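Engineer:
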Amino acid sequence: MLILLSRQAILSFYAILVSLIVLLHQALPLWYSAILLLLLLYRWPLQQNDKVNKLKRVNVIAALILLLLLVAIKQSGVFHFMLQILLLSAVSRLVLIRQRHDSHQLLWVLYFLLACCFIFYQSMLVSLVILALLMFTLYCHYRLYASKQYQLQMLQLVKAILITLPVWISLFLLFPRLQPLWRIPTAEAAVTGLADTLDPGSIENLVQSDKLAFRAIFTDPPPPRQQLYWRAKVYEDFDGRSWTVNQRFERRQSANRQPENTNAEQWINYQVIAEVSNQRSLFALGQPVQYASVVRPTAAYLVEARRPVTQRLSYQLSSMLTPVPADTTFEQQLNSRTVNANPETRELASQLAAKSRSTAELIELISTMFRQQPFYYSLNPPRLGANSIDAFLFDSRTGFCSHYASATAVLLREAGVAARVVGGYQGGVWHEEQQYLEVRQREAHAWVEYYDQGSWQRFDPTAVIAPERVLAGLEAVLMADEQNQLQANWRRFSALNYLSQQLLHLDYYWSVWILSFDENNQQNLWQQLKAARNILILLASVLLLTAMIWWLWRFRRKPDNNAAAVRLINKYFSKVLSKKAAGQHFSQFATVLKKHNPEYNSELAHIDQLYQRALFAEDQQALVQLADYLKQHRHSLKKLTWPE
Amino acid sequence: MKSVRHQFKHWFNNWLDKRQPKARTVTLSQKIIYILPSKFGLWYILLLILLYLLGTNYQNNLILLMSYMLFSVLLLALVLAWRNLHGLTVSCAPVLSAYAEEVLMVPVSLHSPQPRQQLQCNFSTNQPPSILEDNRQQLMVPLPTTKRGFLPLPRLTVHSYFPFGLFNCKSLLNLDYHYWVFPKPLATDPVVLNSDTSGSKNNSSEDFDTIRSYQAGDSLKLMLWKRLARDPANPAVKHAPSTPQPEPDWITIPSVSGAALELALSKACYLMIQLEQRSKPYGLRIKGTSISPSCGQPHLERCLRELALC
Chain A
1 MLILLSRQAI LSFYAILVSL IVLLHQALPL WYSAILLLLL LYRWPLQQND
51 KVNKLKRVNV IAALILLLLL VAIKQSGVFH FMLQILLLSA VSRLVLIRQR
101 HDSHQLLWVL YFLLACCFIF YQSMLVSLVI LALLMFTLYC HYRLYASKQY
151 QLQMLQLVKA ILITLPVWIS LFLLFPRLQP LWRIPTAEAA VTGLADTLDP
201 GSIENLVQSD KLAFRAIFTD PPPPRQQLYW RAKVYEDFDG RSWTVNQRFE
251 RRQSANRQPE NTNAEQWINY QVIAEVSNQR SLFALGQPVQ YASVVRPTAA
301 YLVEARRPVT QRLSYQLSSM LTPVPADTTF EQQLNSRTVN ANPETRELAS
351 QLAAKSRSTA ELIELISTMF RQQPFYYSLN PPRLGANSID AFLFDSRTGF
401 CSHYASATAV LLREAGVAAR VVGGYQGGVW HEEQQYLEVR QREAHAWVEY
451 YDQGSWQRFD PTAVIAPERV LAGLEAVLMA DEQNQLQANW RRFSALNYLS
501 QQLLHLDYYW SVWILSFDEN NQQNLWQQLK AARNILILLA SVLLLTAMIW
551 WLWRFRRKPD NNAAAVRLIN KYFSKVLSKK AAGQHFSQFA TVLKKHNPEY
601 NSELAHIDQL YQRALFAEDQ QALVQLADYL KQHRHSLKKL TWPE
Chain B
1 MKSVRHQFKH WFNNWLDKRQ PKARTVTLSQ KIIYILPSKF GLWYILLLIL
51 LYLLGTNYQN NLILLMSYML FSVLLLALVL AWRNLHGLTV SCAPVLSAYA
101 EEVLMVPVSL HSPQPRQQLQ CNFSTNQPPS ILEDNRQQLM VPLPTTKRGF
151 LPLPRLTVHS YFPFGLFNCK SLLNLDYHYW VFPKPLATDP VVLNSDTSGS
201 KNNSSEDFDT IRSYQAGDSL KLMLWKRLAR DPANPAVKHA PSTPQPEPDW
251 ITIPSVSGAA LELALSKACY LMIQLEQRSK PYGLRIKGTS ISPSCGQPHL
301 ERCLRELALC
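Here you go:
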C-alpha cells in the first residue's frame, strides 16, 4: 500500500537528522559532517519526483563515502565508525524517502542514534535537549500513523503520559541492572585534568579553567578544609625539570590491602561523582580502605577506574586520613633517585641536611627558608630554564604550587630523604544547602610526600608560603588582576553567575539521582519495599477491591441502549422529565414546557430542533451542537418548572 | 503439508466462529480484537533490547532510561491500538450483487461515538485495504468475485496500525450477509436480437400519445417529468395502447452442464441486459421453471438470480 510522506514529515526528519549530526560532532571528522550535510541538500527542493535513477546515484555516493570511512577507521575507532555508518544510512534513506513504509528504517536508526548521544553527553541541559529531540521524533512517528486532520489533544496527551510515566519510572527503579556484559571499544578523546607529566607551568594553566573536576558527598560532616587533599597522581620520576608518573602505575595492583587497625569509626565515607576526564586516575582522600566495584586500588594507595572515565562516574569510598603506608620497599629506593642537575640546589640540600638531626627538623628548616626569605606565590611565575629548581630557588623565587612542591621534593631527595610530588586537588567549595563539595580544576594542586617513620608524610610547602590557599582557596591568595584572569568575562555579572551556580546545583541533583543510580541503590530500594511489604499488600488489596467494586457496579448497571441524543436529553432534563407522560414524545413535552416557561421559549425550540435532527436524521453535527448547547444552558435548564 | 495447513485453517476458522458467531451487526469487544506486533513492531522490540544492552555495557543510566521510555511507549501503543477498535459497530449493506469476475464494492459502515483513526478494511489479504476517511462512517471494500451463486460474505478484516505502526490491531468479523454473483455477461452475435428492429421504430417516444399512471418496470424514458414536478404523488408515463406489444423474447437455457452451461448462462445474461436496455420484454425458461416475459429492473434481477442459482 502506497502512503506518501507529507512534506512536513520529511522536513521534520531533516531537522532531527541535522541536530543529530551536530550533537554527534565528536564522533565525526569535520569533512564527514560536511559530506553528510551536502548529501542532505541533494534532496532539495523537497518535491517528490519519481526519478528512479536517483536510487542508483545515491547508492553509488554512499558506497564511495563508505570506502572513505573504511580508510579512516584507524583514526576514528570502532564505536565512532558504527555511528558514522548509522548516520550515513539515515541520511541516504532520508534523501530517497517517499513512502511511509520507508520511514521505518529511518526511525529505527534515529532512535538508536539519539540513545548514542547520551554516551557523549550526560549533563542535565544537553540531556534535556536530547530528550526534547526524542519527544519530537516520537511525535513525528505518531503523526505518520495518525489521521491527517487529527490534532494531538492536550487531554489525550496527559492521559498518555499518565499511562507511561509510572511504567517508565518503576522500570528504571526496579528493573534488574547487569554488570557490563562485554568490553566495549572506547573512543580516543582529549584528556582533561592533571596530566601524567608535571611541568613547572602545567598547574597554572589548569587552575584557569572553571570546569568541574568532581563532586563529593560525605555521609558525615565533611572533614575540615585543610584535610581535603584529594590524591590523584603520584609523580616519582624527575628529569631535572619536570616530573612524570612512574611506569609501575601502569601495572595492575592485585593485592587487596587491608589496613592493620581497622577501626571503622575513624573512616570517612564519601561518594565521588567524577566528571569526564578520559583517563583512569580518580580521586581519594588519605588512605582508602574500602572500594566500590567500579574502582580498584593501584600503586601508592591511589584509586583508578576500570576503564577511562568517558562518562560521569560515581563511586563510593572509605578512607582514613592517615599518612599513606609504604607500598613496597622498592618504592623508597625509587624516590631517592637524584639527577645530575641543579647543582646549587644540591649544595643547599647538603647544608640543610648537615644542620638537621632528623627528617622533621629538615622539613622545618625548609619551611623556615620559604617563610623568611623573599618567596612569592603567583599565578604568573617567570619562565624557568633547564635547571628549573636552581632558577626558582635562587633567582626568580616566584612560583605556583608546583614550583614549591617540585623544589621541596628535590631538596629532600638531595638531602637523602625519599620524597615525591603528589598531584591532585585541594579543598573545594562546600555547598551547605545542597550538602556537597564542588571541586573544580581551579582547585588543582601539588604537594610533597616524604618517607618518615614507616609511612609517607604529607608536606605542603604552599601552606607555608600562602596559608590562605589551603584555608580559603585560590582566590584569597591572588592579586586582583590575577583573580580577573581566572574569571571568564561573563562570570563578572553577578546575575549570570548566580544562574550558572543554580544550574550547577541542579546538575548535581541530576548526577546524584539519575546518573549514579546503580545496583546498590536498587537493592536498597528493594529492601525498603520488602520492609514495607505489609503496607504495600494492604494498599494493593484496597486498590484491587475498589477496582472490582467499580467493575461490578459498571456491569450491573443496565447498558444504556438509548441513542446519544436521548441520553443527552435524559441527562439535562432529569428534573422535569419524570413528570413527562409515558406516551408523550419530546416535541409535545417541549411545547408544554414552553407554555409554562415562556422566558425559555427560544432555547427550548432550538433544543427541540437539534434533537429531532440528531435523532431522526442521524446528523452527527447536530448531535455535537446539541451537546454544546445543552452544556451552555445547563443552569437555565435547571430552572425549568412543570405545572403541578 | 498442504493438508496440515488446511486443517489448521479449518480449526482456526472454527475457533474464530466460536468467539464471534455470525451476526448482522457486530460491536467489537475485547473477545474479538486481536493485537499482533507488526514487522516494524518486532524491529522496535529489537531496538529496545539493543538499547538495554548498550546502556548496560556503558553503565549509562540515560540510555537505560530511554530504553525504558520507549518500552512504555510500546505499552501505550498497545492500549491505544486496542481503544481505537474497541466499541466500534460494524455493519454492511443488505443486498449486494455483481457479475462474476467483477470486483464487488461492499459498503461497510463503521459506527462509533468517538472518532477513530486510520481504520482499514479488507476481505482478503491480497486485496489492498480501503482506509476510512476522516469524519466518515462508511467505506467501500472491494471483494473480487469468481464463481456465480448466492454466497455468504467472507470474513471482513477491520484493522489499524494506529498509533506508531507497531501493532496491527485487528478483528476478523463474520458478518451474516449474502451476496449475489451473476454469470459473467458474454457478448453474442446480434442475430438473436433481429426481431427488435420493428419494435424499435414503434418505441420512439413521439408515437406515444396517451398517458397512463406509472407502473413498476416502466421505462424512465417515458416518464412525464414536467407532470411529476407538478404532482409528485402520481407519476405518469406516456402510453401507446394502439401499438402492438412487441413479441416477447424467450431465453432458454439448454439442459447441459459444465463449461457449456456456464457459456450458455453467460450468453443469456448478456442477452437479458441488452433486452432490458431496449425495454423489450423477455422471459426465461430454465430447468423446468419459467419466468413469464416482462420488463424492468426487478424482473431482470429475478431472472439473473435464477441464472446465478442454476
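Protein chains in written order, with the UniProt record's numbering: chain A, 1 to 644; chain B, 1 to 310.
In this text, a Cβ means the ideal position worked out from N, Cα and C, and glycines have one as well.
In this text the structure is predicted, and so the values were computed from the model without any measurement.
Assign Q501 (chain A) to one of two classes, buried (16 or more other C-beta atoms within 10 Å of its C-beta) or exposed (fewer than that).
Structural biologist: The residue given as residue 501 (chain A) occupies position 501 in the first sequence. It counts as exposed.
Engineer: Closer than 7 Å by C-beta to L284 (chain B): which residues in its own chain qualify, once you throw out the five before and the five after it? Chain order, please.
Structural biologist: As a position in the second sequence, residue 284 (chain B) is number 284, starting the count at 1. Cβ within range, chain order: I251, S290, I291, C303 and E306.
Engineer: Any contact between the stretch 101 to 108 of chain A and the stretch 63 to 75 of chain A? By contact I mean 3 or more CB pairs, one from each, below 8 Å.
Structural biologist: Counting Cβ pairs under 8 Å, fewer than three are found: no touch.
Engineer: In its own chain, which residues sit with a C-beta less than 7 Å from the C-beta of Y600 (chain A), not counting the 5 before and 5 after it?
Structural biologist: Indexing the first sequence from 1 puts residue 600 (chain A) at position 600. Contacts found: S636 and L640.
Engineer: Report the three-state DSSP secondary structure of S242 (chain B) (helix, strand or coil).
Structural biologist: By one-based count along the second sequence, residue 242 (chain B) stands at place 242. For S242 (chain B), the pLDDT reaches just 48, beneath the cut-off of 50, and the residue's location in the model is therefore unreliable, leaving the point undetermined.
Engineer: Just to make sure I have the definition right: I need the residues of chain A whose C-beta is within less than 7 Å of the C-beta of F71 (chain B). Which are they?
Structural biologist: Within the second sequence, residue 71 (chain B) is the residue found at index 71, counting from 1. Here the neighbours are L171.
Engineer: Between the alpha carbons of R43 (chain A) and G165 (chain B), how many angstroms are there, rounded?
Structural biologist: Here residue 43 (chain A) corresponds to residue number 43 of the first sequence, with the count starting at 1. Here residue 165 (chain B) corresponds to residue number 165 of the second sequence, with the count starting at 1. Spanning the two alpha carbons is a distance of roughly 26 Å.
Engineer: Can you say whether S200 (chain B) is buried or exposed, counting buried as having 16 or more other CB atoms within 10 angstroms of its CB?
Structural biologist: Here residue 200 (chain B) refers to the residue found at position 200 when the second sequence is read from its first residue. Here the model assigns S200 (chain B) a pLDDT of 41, short of 50, so the residue's position is not dependable, and the following value carries that caveat. Exposed: under 16 other Cβ atoms inside 10 Å.
Engineer: Short of 9 Å Cβ to Cβ, which residues in the stretch 122 to 148 of chain A face chain B?
Structural biologist: Taking 9 Å as the Cβ-Cβ cut-off against chain B, the residues of the stretch 122 to 148 of chain A that qualify are Q122, S127, I130, L131, L134, L138, H141, Y142, L144, Y145, A146, S147 and K148.
Engineer: Tell me which same chain residues have a C-beta within less than 6 Å of the C-beta of S6 (chain A), skipping the five on either side of it?
Structural biologist: On the first sequence, position 6 is the one that residue 6 (chain A) refers to. Nothing meets the Cβ criterion.
Engineer: Report the CB separation of I366 (chain A) from T398 (chain A) in whole angstroms; it is logged as a contact under 8 Å.
Structural biologist: Position 366 of the first sequence, counted from the first residue, corresponds to residue 366 (chain A). Position 398 of the first sequence, counted from the first residue, corresponds to residue 398 (chain A). About 17 Å; that fails the 8 Å criterion.
Engineer: Please return the same chain residues whose Cβ sits closer than 7 Å to the Cβ of residue 730 (chain A), not counting the five positions on each side in sequence.
Structural biologist: Chain A is shown from 1 up to 644; residue 730 (chain A) falls before or after that span and cannot be answered.
Engineer: Quick check: the Cα distance between A62 (chain A) and L88 (chain A), rounded to an integer number of angstroms?
Structural biologist: Here residue 62 (chain A) refers to the residue found at position 62 of the first sequence. Here residue 88 (chain A) refers to the residue found at position 88 of the first sequence. When rounded, the distance between both Cα atoms is 7 Å.
Engineer: In its own chain, which residues sit with a C-beta less than 6 Å from the C-beta of S209 (chain A), not counting the 5 before and 5 after it?
Structural biologist: In the first sequence, the residue the question calls residue 209 (chain A) occupies position 209. Hits under 6 Å: Q441.
Engineer: Among residues of its own chain, excluding the 5 on either side of R371 (chain A), which ones have a beta-carbon nearer than 8 Å to its beta-carbon?
Structural biologist: Numbered from its first residue, the first sequence carries residue 371 (chain A) at position 371. These residues qualify, in order along the chain: V464 and I465.
Engineer: Kindly indicate which residue of A:G583, A:Q373, A:W642 and A:Q612 has the alpha-carbon position closest to the one of H596 (chain A).
Structural biologist: Residue numbering aside, residue 596 (chain A) sits at position 596 when the first sequence is read from its first letter. With distances taken between Cα atoms, H596 (chain A) lies closest to A:W642.
Engineer: How many angstroms separate the CA atom of T328 (chain A) from the CA atom of A34 (chain A)?
Structural biologist: By 1-based counting over the first sequence, the position of residue 328 (chain A) is 328. By 1-based counting over the first sequence, the position of residue 34 (chain A) is 34. Approximately 54 Å between the Cα atoms of the pair.
Engineer: Who are the neighbours of T56 (chain B) on chain A, taking C-beta pairs under 9 Å?
Structural biologist: By one-based count along the second sequence, residue 56 (chain B) stands at place 56. Residues of chain A passing the Cβ test: R177, L178, Q179, P180 and L181.
Engineer: Which residues of the stretch 147 to 165 of chain B have a Cβ closer than 8 Å to any Cβ of chain A? Give them in chain order.
Structural biologist: Listed by position, the residues of the stretch 147 to 165 of chain B near chain A (Cβ gap below 8 Å) are Y161, F162, P163, F164 and G165.
Engineer: P94 (chain B) versus chain A: which residues are under 8 Å apart at the beta carbon?
Structural biologist: Counted from its first residue, the second sequence places residue 94 (chain B) at position 94. Chain A residues near P94 (chain B): none, gap ~17 Å exceeds 8 Å.
Engineer: Mind pulling the chain B residues with CB within less than 7 Å of V167 (chain A)?
Structural biologist: Residue numbering aside, residue 167 (chain A) sits at position 167 when the first sequence is read from its first letter. Here the neighbours are S72 and L75.
Engineer: Kindly provide the ranges of any alpha helix (DSSP H) runs that are 4 or more residues long and lie completely inside the stretch 327 to 395 of chain A, ordered along the chain.
Structural biologist: If we require 4 residues or more, the alpha helix (DSSP H) runs fully inside the stretch 327 to 395 of chain A come out as 329 to 334, 343 to 355 and 359 to 372.
Engineer: Given a threshold of 16 other Cβ atoms within 10 Å of its Cβ, counted over all protein chains shown, does P281 (chain B) qualify as buried or as exposed?
Structural biologist: Within the second sequence, residue 281 (chain B) is the residue found at index 281, counting from 1. Classification of P281 (chain B): buried, given that the 10 Å Cβ count is 16 or more.
Engineer: Output needed in chain order: residues of the stretch 107 to 134 of chain B with a Cβ under 8 Å from some Cβ in chain A.
Structural biologist: Residues passing the 8 Å Cβ filter: P113, P115, Q117, Q118, P128, P129 and D134.
Engineer: Cα-Cα, which of B:P235, B:N60, B:Q118 and B:K9 is closest to W82 (chain B)?
Structural biologist: One-based indexing of the second sequence puts residue 82 (chain B) at position 82. Selected option, being the one with the closest Cα: B:Q118.
Engineer: State the DSSP-derived secondary structure class of G55 (chain B), mapped to helix, strand or coil.
Structural biologist: Indexing the second sequence from 1 puts residue 55 (chain B) at position 55. Of the three classes helix, strand and coil, the one that applies to G55 (chain B) here is helix, per DSSP.
Engineer: Exposed or buried, which one is E553 (chain A) when buried takes at least 16 other CB atoms within 10 Å?
Structural biologist: Sequence index remark: in the first sequence, residue 553 (chain A) carries index 553 (1-based). Residue identity check: residue 553 (chain A) is Trp in the sequence provided, not Glu. So W553 (chain A) ends up on the exposed side.
Engineer: Let me know if L2 (chain A) comes out buried or exposed under the rule of 16 or more other beta-carbons within 10 Å of its beta-carbon.
Structural biologist: Your numbering for residue 2 (chain A) matches position 2 in the first sequence. L2 (chain A) should be labelled exposed.
Engineer: Which residues does DSSP list as the beta-bridge partners of C169 (chain B)?
Structural biologist: Position 169 of the second sequence, counted from the start, is the residue given in the question as residue 169 (chain B). The partner list for C169 (chain B) (beta bridge, DSSP) reads B:I35 and B:S160.
Engineer: Within 8 Å, do at least three Cβ pairs link the stretch 293 to 312 of chain A to the stretch 266 to 285 of chain A?
Structural biologist: A contact exists between the stretch 266 to 285 of chain A and the stretch 293 to 312 of chain A.
Engineer: According to a CB-to-CB cut-off of less than 9 Å, which residues of the stretch 269 to 297 of chain A neighbour chain B?
Structural biologist: Those residues of the stretch 269 to 297 of chain A that come within reach of chain B (Cβ to Cβ, closer than 9 Å) are V294.
Engineer: Assuming L175 (chain B) is part of the alpha helix (DSSP H), what are its boundary residues?
Structural biologist: Mapped onto the second sequence, residue 175 (chain B) falls at position 175. No alpha helix (DSSP H) contains L175 (chain B), which DSSP labels as neither H nor E.
Engineer: Mind checking who G399 (chain A) pairs with in its DSSP beta bridge?
Structural biologist: Sequence index remark: in the first sequence, residue 399 (chain A) carries index 399 (1-based). Answer is A:Y377.
Engineer: For chain B, is any of its Cβ atoms less than 8 Å away from the one on L212 (chain A)?
Structural biologist: Translated into the one-based positions of the first sequence, residue 212 (chain A) becomes position 212. Chain B, which has no Cβ nearer than 8 Å to the Cβ of L212 (chain A), makes this no.
Engineer: Check C121 (chain B) in the structure and name its three-state DSSP category.
Structural biologist: The residue given as residue 121 (chain B) occupies position 121 in the second sequence. In this structure, C121 (chain B) counts as strand in the three-state DSSP scheme.
Engineer: Decide if E475 (chain A) is buried, meaning its Cβ has at least 16 other Cβ atoms within 10 Å, or exposed.
Structural biologist: Here the question's residue 475 (chain A) lines up with position 475 in the first sequence. The residue in question, E475 (chain A), is exposed, as its Cβ has fewer than 16 Cβ neighbours within 10 Å.
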